[in-house]
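Per the numbering used here, the first sequence runs over residues 56 to 885.
All C-beta atoms in this analysis are idealised placements derived from N, C-alpha and C, irrespective of residue type, glycine included.
Keep in mind that this is a model prediction, so the values were computed, not measured.
Structure first, then comments.
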Amino acid sequence: MANLSLSRSEPAVIVRAAMPELRKKYPFDQIEPKWQQHWLENKTFAARDPQHSSTPPLQSPKLYVLDMFPYPSGAGLHVGHPEGYTATDIFCRYKRMRGFNVLHPMGWDAFGLPAEQYAIDTGTHPSVTTKKNIDTFRRQIQMLGFSYDWDREVDTTDPHYFKWTQWIFLQIFKKGLAYEAEIPVWWCDGCKAVLANEEVNADGTCDRRGHKEVYRRPLRQWILRITAYAERLLADLEHVNWPHSIKEQQRNWIGRSEGANVEFEVHGSEFGVEVFTTRPDTLFGATYMVLAPEHPLVECITTSDQKSAVETYRTVAAKKSELERGMADKEKTGVFTGACAINPVNEEKIPIWIADYVMMGYGTGAIMAVPAHDTRDLEFAQKFNLPVRIVVSPTDQSDPIGFVGDGISVNSGLITGLPTPEAKKKITEWLGERGVGEFAVNYKLRDWLFSRQRYWGEPIPIVHCPKCGTVPVPESELPLQLPEMKDYSPSGNAEPPLAKATDWVNCKCPQCGTAAKRETNTMPQWAGSCWYYLRYIDPHNAAAFVAKDKEKYWMPVDLYVGGAEHAVLHLLYSRFWHKVLYDLGHVSTPEPFTRLVNQGMILGEDNRKMSKSWGNVINPDDVVREYGADTLRLYEMFMGPLEATKPWSMEGVQGIYRFLGRVWRLYEELDDSSPSPALLKVLHQTIKKVGEDIEALAFNTAISQMMIFVNEVTAQQSRPRTVLEPFVLLLAPYAPHLAEELWQILGHTKSLACEPWPTYDPALLVEDTVEIVVQVNGKVRARLTVSAKATKEELEKLALAHADVQPFLAGKQVKKVIVVPGKLVNIAAA
RNA sequence: GCCCGAGUGGUGAAAUGGCAGACACAUCGGACUUAAAAUCCGAAGGAGCGUUAAACCUCCGUGAGGGUUCGAAUCCCUCCUCGGGCACCA
Numbered sequence: 056m057a058n059l060s061l062s063r064s065e066p067a068v069i070v071r072a073a074m075p076e077l078r079k080k081y082p083f084d085q086i087e088p089k090w091q092q093h094w095l096e097n098k099t100f101a102a103r104d105p106q107h108s109s110t111p112p113l114q115s116p117k118l119y120v121l122d123m124f125p126y127p128s129g130a131g132l133h134v135g136h137p138e139g140y141t142a143t144d145i146f147c148r149y150k151r152m153r154g155f156n157v158l159h160p161m162g163w164d165a166f167g168l169p170a171e172q173y174a175i176d177t178g179t180h181p182s183v184t185t186k187k188n189i190d191t192f193r194r195q196i197q198m199l200g201f202s203y204d205w206d207r208e209v210d211t212t213d214p215h216y217f218k219w220t221q222w223i224f225l226q227i228f229k230k231g232l233a234y235e236a237e238i239p240v241w242w243c244d245g246c247k248a249v250l251a252n253e254e255v256n257a258d259g260t261c262d263r264r265g266h267k268e269v270y271r272r273p274l275r276q277w278i279l280r281i282t283a284y285a286e287r288l289l290a291d292l293e294h295v296n297w298p299h300s301i302k303e304q305q306r307n308w309i310g311r312s313e314g315a316n317v318e319f320e321v322h323g324s325e326f327g328v329e330v331f332t333t334r335p336d337t338l339f340g341a342t343y344m345v346l347a348p349e350h351p352l353v354e355c356i357t358t359s360d361q362k363s364a365v366e367t368y369r370t371v372a373a374k375k376s377e378l379e380r381g382m383a384d385k386e387k388t389g390v391f392t393g394a395c396a397i398n399p400v401n402e403e404k405i406p407i408w409i410a411d412y413v414m415m416g417y418g419t420g421a422i423m424a425v426p427a428h429d430t431r432d433l434e435f436a437q438k439f440n441l442p443v444r445i446v447v448s449p450t451d452q453s454d455p456i457g458f459v460g461d462g463i464s465v466n467s468g469l470i471t472g473l474p475t476p477e478a479k480k481k482i483t484e485w486l487g488e489r490g491v492g493e494f495a496v497n498y499k500l501r502d503w504l505f506s507r508q509r510y511w512g513e514p515i516p517i518v519h520c521p522k523c524g525t526v527p528v529p530e531s532e533l534p535l536q537l538p539e540m541k542d543y544s545p546s547g548n549a550e551p552p553l554a555k556a557t558d559w560v561n562c563k564c565p566q567c568g569t570a571a572k573r574e575t576n577t578m579p580q581w582a583g584s585c586w587y588y589l590r591y592i593d594p595h596n597a598a599a600f601v602a603k604d605k606e607k608y609w610m611p612v613d614l615y616v617g618g619a620e621h622a623v624l625h626l627l628y629s630r631f632w633h634k635v636l637y638d639l640g641h642v643s644t645p646e647p648f649t650r651l652v653n654q655g656m657i658l659g660e661d662n663r664k665m666s667k668s669w670g671n672v673i674n675p676d677d678v679v680r681e682y683g684a685d686t687l688r689l690y691e692m693f694m695g696p697l698e699a700t701k702p703w704s705m706e707g708v709q710g711i712y713r714f715l716g717r718v719w720r721l722y723e724e725l726d727d728s729s730p731s732p733a734l735l736k737v738l739h740q741t742i743k744k745v746g747e748d749i750e751a752l753a754f755n756t757a758i759s760q761m762m763i764f765v766n767e768v769t770a771q772q773s774r775p776r777t778v779l780e781p782f783v784l785l786l787a788p789y790a791p792h793l794a795e796e797l798w799q800i801l802g803h804t805k806s807l808a809c810e811p812w813p814t815y816d817p818a819l820l821v822e823d824t825v826e827i828v829v830q831v832n833g834k835v836r837a838r839l840t841v842s843a844k845a846t847k848e849e850l851e852k853l854a855l856a857h858a859d860v861q862p863f864l865a866g867k868q869v870k871k872v873i874v875v876p877g878k879l880v881n882i883a884a885a
């Protein structure tokens, strides 16, 4: 027995080992590379530029569809990348079939810290690492069959590219929007290097090596004056079709508020203090004033008896702001300066304090404190026993102390009795007439710290000359390339690594020719991504960053898809650069991205964020090897709405794989029978729904409809070519490799990429008879099958007479009958 | 703390004022097979009445509570939970 069972089980084991081959549902491993090569060789997806079009001139409308280009990390492609890329690819393939001239490019945001860190550790030049990573990313992306125009690929680290990044910087500089300033930056004693914000952990330690000695120190930095554009960056959000939440985040980030600047005299001195307030109507309730500890006036006004207390507080505050940044609900602290200010509305003397809850970077760095109507001021006043004076009366019964809303002014001289908005207006005018105040607008937005103390970034094309000062490198000398270096590690003295390349640093001043030094800071990673969408339009132009006519033809970007993590910075910075270029006449639109969509995050199968430490990372390479690219594409689109966060499911992938296998087998049994009316109807419903859903980026429901179609065909005896042929075209944007192969099997010799999208016949969608639901008081009690043309009156009569309805009406009076033709009848009875 | 978004079967979801759960996954049953895999067919929100059993039928059900409406997953208010953003911004 034992022998027998052993010998019988052996062949089974062998069959099992060979199973993966046998189980293959269709030959995706042959189909997919075949078509990818075909598309590349035939440049199937080349976008046609206006002047390169063959005669006659371009008839088709343009469409620019952009993906957020990836940072090519050493880890390779993540399943999150193909999500957005598949969505835009489906959209593009569909639009091409609809006759659009589509620009759909891809490139690499390739400057960045990891390659530099690897260079420090191993001495490998970052460009070597970067090239290798780009090659991996390109291979992985091409393996998914996206319809990019690969002749337009850009790489931010390519000197032909960053020449123009530097050129744009010079335009910004020449426009007076770039300046140098001493700014505190994170410094790690352990690394002997400047840290980027993201390299500092929440607990104040260094993220690279865990060092504890991390603090801020002032360093000369390049700053871009983005605040000069705050108003337009805010206002123009009205004109873009972006997700509500992203617009809201940008609005909050810009943080516009209206109010007044008010001048307070310092009692017994020639000094004045200007404060910004959004509530000038509460001026009569100001019982003290607070300056930021760093406020320059503090030294001038502090009385001698308070000097030491103030000095101590300022030192502690400076140190504390370094470490305790994240702690919002800490106790209020502060010190009296000994000086008093005169309130211009009532000549009252109020004490001037310093406190770290007032920040130098916002407004004027000084506030008038109205504890009755400001939560922070109230906390402070209660702690230090400062008076609280009510000057706004709430319109409801709430407590006036701590009331911060709009109400009616009380105890406020000339504005007493006025509602808050009018009070603000009147008192601001009054201040203006006396020259002690004026209407003012403030923004939370700060200028953009643009320099990095790094090697692997675009050199800032500036020369420091002892005679001429900061001098731009002549545009004819661009690109200013990075010097070759042996050692990429930080210099240890807060100088960027480039400072060690002395041959490179020492140069002649472009203006006067005397010995000068090059700027050694480099640009942040944001720089290259600020304008890449413009370079795709004209990627090989050596004379300009983009040719004017091409820019005019392709811009603006019609659809931009990417992750919500770029909601603020990337999107704000590129809007800023774009507006500068617009003002200089280099681009033709005030906004770069018309429509923006954020794809949601893909979580691991355990519902947690994918990460190595959880061991739940799905590698697209593995999925493609086992199930094919079409399955991966279709699955990612079927998971749920594009914008939603959703967990991965390998079983879901298999379901999609089975679906594609079913599709494949349908075409093995093609025949020339004529389709049943039911099948024809489903086909036309599918044509309609798939098209409409792609327009709305609702890919999951489009796939559902295709499944309904396939289920319908499967249930039928025949496989009519006349319905299966148009279906290939519907499937093509989603599973392009499979669709191309089926198209060929159907006898076509050309790619289906530009086949016209099928049209549906509305006449076939019209139902002759419809099922009408009859409700009594909102509950379904009967169903009627009636002609679709049945009138309201007929429906009402039928419904009331229905045998299943009668019992529910017994002993009741019909109050009202609502008839929705084609849908339902609702009888309200009591 | 403030701002934004979301909560629907065992799971991913659909339906955005008109039949809740389309389409899939997982599950269960059947066909095919010596068997398994693959494939195909079918069942299925919960509770109950009732029945040999099923169909039929009844009630409940979209985070909780209230409201508007003939009718609410959908609109309004309050609350709870989760996710994202900001965080003393005067």
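Beta-carbon within less than 6 Å of residue i's beta-carbon, same chain only, minus the 5 sequence neighbours each way: which residues are those?
i           : result
residue 369 : 348
residue 383 : Low local confidence applies: a pLDDT of 46 at residue 383 is under 50, so the model's placement there is unreliable, with the coordinate-based value given in what follows. Cβ neighbours of residue 383 beyond the five flanking positions: none.
residue 902 : Lying outside 56 to 885, the shown extent of the chain, residue 902 is not represented and no answer is given.
residue 613 : 118, 119, 649
residue 631 : 281, 284
residue 175 : 543, 544
Between the C-alpha atoms of residue i and residue j, what's the straight-line distance to the nearest angstrom?
i           : j           : result
residue 142 : residue 759 : 16 Å
residue 651 : residue 581 : 18 Å
residue 492 : residue 486 : 5 Å
residue 316 : residue 115 : 55 Å
residue 117 : residue 589 : 15 Å
residue 268 : residue 374 : 13 Å
residue 96  : residue 158 : 18 Å
residue 401 : residue 408 : 20 Å
residue 860 : residue 771 : 37 Å
Just tell me which of the options has its CA closest to the CA of residue i.
i           : options            : result
residue 863 : 442, 598, 831, 413 : 831
residue 530 : 598, 498, 138      : 598
residue 212 : 423, 168, 712      : 168
residue 508 : 778, 556, 579, 477 : 579
residue 266 : 243, 722, 326, 282 : 243
residue 458 : 425, 438, 183      : 425
residue 783 : 736, 202, 715      : 715
residue 836 : 843, 828, 526      : 828
residue 127 : 156, 152, 186      : 186
residue 81  : 711, 306, 766, 742 : 711
residue 417 : 331, 351, 586, 102 : 331
residue 446 : 766, 788, 541, 334 : 334
residue 274 : 246, 91, 548       : 548
Below 7 Å CB to CB, which residues in the same chain sit around residue i once its five sequence neighbours on both sides are set aside?
i           : result
residue 625 : 581, 584
residue 533 : 218, 221, 222, 516
residue 722 : 779, 797, 800
Which residues share a DSSP beta bridge with residue i?
i           : result
residue 771 : Per DSSP, none; premise fails for residue 771.
residue 163 : 210
residue 615 : 121, 651
residue 524 : 520
residue 503 : 279
residue 158 : 119
residue 830 : 835, 881
residue 716 : BP columns for residue 716 are empty, so no partner.
residue 306 : Partner(s): none; residue 306 has no beta bridge.
Would you grab the beta carbon distance between residue i and residue j for me? Rounded to a whole angstrom, and I think it's under 8 Å.
i           : j           : result
residue 843 : residue 877 : 6 Å
residue 792 : residue 83  : 7 Å
If I measure Cβ to Cβ from residue i and keep anything under 8 Å in the same chain, skipping five residues before and after, which residues do I get?
i           : result
residue 756 : 744, 748
residue 870 : 883, 884, 885
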